[in-house]
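The numbering used here numbers the first residue of the sequence shown as 1332 and each following residue consecutively. Yeah, the Cβ is synthetic: ideal placement off N, Cα and C, and Gly gets one too. All values reported here derive from a predicted model rather than from experimental measurement. Working notes, structure below.
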Amino acid sequence: MPYKYIVNSIYVGKNMEVNNNNQNPLAKHFRQPAIYIKLPSEGAYYDESVITVPENGELPVYPMTALDEISYRTADALFNGAAVANVIKSCVPAFKDPWQISTADLDTLLISIRMASYGHEMEFTSTCPKCEEISDFGIDLRTILESVKVPDYSTPVTNGDISIHFKPLSYKEQNDNNIAQFQDQKMLEALPASDLPEEEKLAKIQEAFTNISLLTLNAIADSIAMIKAGDDIVVDKGHIKEYLQNCDNKHFDKIRKKIEHIKEASEIKPLNITCDKCQHAYQTPFTLNVANFFASGS
């Protein structure tokens, strides 16, 4: 009876002929792209060190592997953002450096990876604000994906001969800022119950609020692509932060409101829900919390 077995990638048949070909015969059974997507930004914020875009502009998206699922279930990896970066690099290999993905594309990538892994149907649980009935709904992620839009980054904020031009944050910039804010918020929550002397508590509270203000300033600076001042074009982040710290309050407020408007325009619109029990119609936010967004295919 003919037979063939594999030892260390060497094939041995009945006639003892050895094949030293290192190609894995199981390669054709590896995962294949499940869907193809176009980035909402159309790659406008990347160079070749970040992504390799196919000629047709469509990126293949692969289903998650078992190792990917383990990654996003690791608390530390979720907290420091490594879980998201690793999963994107595994499932959308066109990205060489997932940390540099712009926030304009991030939601599209996460939704696409879930669709590639579990299909376009997703169960969603919501509580009616009127009767407090908890209900499960099926949503079509393709509809959510189609609703993702890139806000307008092209319109500058002007102040005399100065014009402020904007860009989306990178995933790393967003993640670093979120971690720092979270740590300061946790410290503020813990201080009232601590055994520290009252003076030291007040000093640490003041320090935390100062840090939060600086983080807000840093996030605004990260959102600025450049500042044109007459014939000068400034892209140095240190110079931009120094300008934000020293410009008049009215101009700073215009910049802050513009960034808030951009953020609101980029958010996924709330879901329209009608309660099965009391027929109350309401809206509920659709959030991409990675800890549970990839938790199951149900």
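Whose C-beta lies closer than 8 Å to the C-beta of Ile1442 among residues of the same chain, with five residues either side of it excluded? These residues qualify, in order along the chain: Leu1472, Ile1475, Leu1476, Val1479 and Leu1619.
Go through the segment 1379-1459 residue by residue and report every complete run of the beta strand (DSSP E) that reaches 3 residues or more, in order. 1390-1392 and 1452-1458
Here's a check: name, in chain order, each residue in its chain whose Cβ is nearer than 6 Å to the Cβ of Tyr1613, leaving out the five neighbours to either side. Pro1460 and Ile1604
Roughly how many angstroms separate the alpha carbons of Ile1536 and Ala1524, rounded to a whole number? Roughly 13 Å between the two C-alpha positions.
DSSP state of Ile1543, grouped into three classes? helix
Might you give, ordered along the chain, the residues of its own chain that have their beta carbon closer than 7 Å to the beta carbon of Glu1389, omitting 5 neighbours on each side? Exclusion of the five residues before and after Glu1389 leaves Tyr1367, Ile1368 and Lys1369 as the residues of its chain whose Cβ lies within less than 7 Å of its Cβ.
Can you give me the start and stop residues for the beta strand (DSSP E) that Asp1563 sits inside? Asp1563 to Val1565
Buried or exposed: which applies to Arg1445, given that a residue is buried once 16 or more other Cβ atoms fall within 10 Å of its Cβ? buried
Please check if any C-beta of chain C sits within less than 8 Å of the C-beta of Leu1476. Structure shown: chain C not included; a single protein chain is present.
Should Thr1489 be labelled buried (16 or more other beta-carbon atoms within 10 Å of its own) or exposed? exposed
Residues of its chain near Ser1554, where Cβ-Cβ distance is below 7 Å and the 5 sequence neighbours each way are ignored: Phe1497, Lys1498, Leu1500 and Ile1590
Quickly, what does DSSP pair His1496 with across the bridge? List them, please. His1496 is bridged to Met1557.
Return the first residue and the last residue of the beta strand (DSSP E) that Phe1513 is part of. Taken as a continuous stretch (DSSP letters only), Phe1513 belongs to no beta strand (DSSP E), being part of the alpha helix (DSSP H) at Tyr1502 to Ala1521.
Between Trp1430 and Lys1503, is the Cβ-Cβ spacing less than 8 Å? Between Trp1430 and Lys1503, the CB-CB gap stays under 8 Å.
On a Cα-Cα basis, can you pick out the residue from Ser1597, Ser1448, Leu1527 and Pro1385 that is closest to Ala1365? A check of alpha carbon separations from Ala1365 across Ser1597, Ser1448, Leu1527 and Pro1385 identifies Ser1448 as the nearest.
Please check the pair Ile1593 and Phe1617, which I expect to be a contact at CB under 8 Å, by giving their CB distance rounded to whole angstroms. Not quite, the Cβ-Cβ distance comes to about 19 Å (not below 8 Å), so this is no contact.
Look at the alpha carbon of Asn1417 and the alpha carbon of Met1453, and state the distance between them as a whole number of angstroms. 23 Å
Between the segment 1510-1521 and the segment 1539-1554, do three or more beta carbon pairs fall short of 8 Å? yes
Those runs of the alpha helix (DSSP H) which lie wholly inside the segment 1454-1489 and span at least 4 residues: 1472-1478
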